[in-house]
Amino acid sequence: MRTQASDKLKWGTEGERGPKAASEALPLSASQREDLRFAAAQMRGAARRAFQAEMTLKYCHGSARFAETGLGWSREAGEVGVAEHRRGIVGVDAHSAGSGRKRWEEK
Numbered sequence: 025m026r027t028q029a030s031d032k033l034k035w036g037t038e039g040e041r042g043p044k045a046a047s048e049a050l051p052l053s054a055s056q057r058e059d060l061r062f063a064a065a066q067m068r069g070a071a072r073r074a075f076q077a078e079m080t081l082k083y084c085h086g087s088a089r090f091a092e093t094g095l096g097w098s099r100e101a102g103e104v105g106v107a108e109h110r111r112g113i114v115g116v117d118a119h120s121a122g123s124g125r126k127r128w129e130e131k
């Protein structure tokens, strides 16, 4: 039977469990993280996913979850970007493929 005191000795306190916070474990300063966020905010679509994939592979060991907590990026976009980088195939955005007003000539 375990007691609460033995659990604290074995597992540590609530704040000590698990790996360090992602922002603490990243080898980047706060200003460098802000610069990466700003650079990603200036891009759209496949260019943004490619940039996020490169930075995720370089600084976050390829973990989209780590990039989400450490850099504030969308985990889904990070996963798609890493998959596109790994396969070498870039997905087409649905927005650019079929939205918007058709040209007069096409009507």
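Residue 94 in my numbering sits at position 70 of the sequence shown, and the numbers go up by one each step.
Beta carbons are placed, not taken as given, at the ideal position from N, Cα and C, and that holds for glycine.
The residue among Ala107, Trp128 and Arg72 with its C-alpha nearest the C-alpha of Trp97 is Arg72. In this structure, Glu78 keeps its C-beta atom at 8 Å or more from the C-beta atom of Ala88.
Secondary structure note for Ser55: its alpha helix (DSSP H) is the uninterrupted segment Ala54 to Ala65. Within a 10 Å sphere around the beta-carbon of Gln76 sit 16 or more other beta-carbons, which makes this residue buried. Sixteen is the threshold: since fewer than 16 other Cβ atoms of the shown chains lie within 10 Å of the Cβ of Ala118, the residue is exposed. Between the alpha carbons of Gly124 and Phe62 lies a distance of about 28 Å.
Thr80 sits away from Val114, with the two beta carbons spaced by 8 Å or more. Separation of the CB atoms of Leu50 and Gly94 is rounded to 5 Å, and the pair is thereby assigned contact status at 8 Å.
Per DSSP, the continuous alpha helix (DSSP H) segment holding His109 begins and ends at Arg99 to Arg111.
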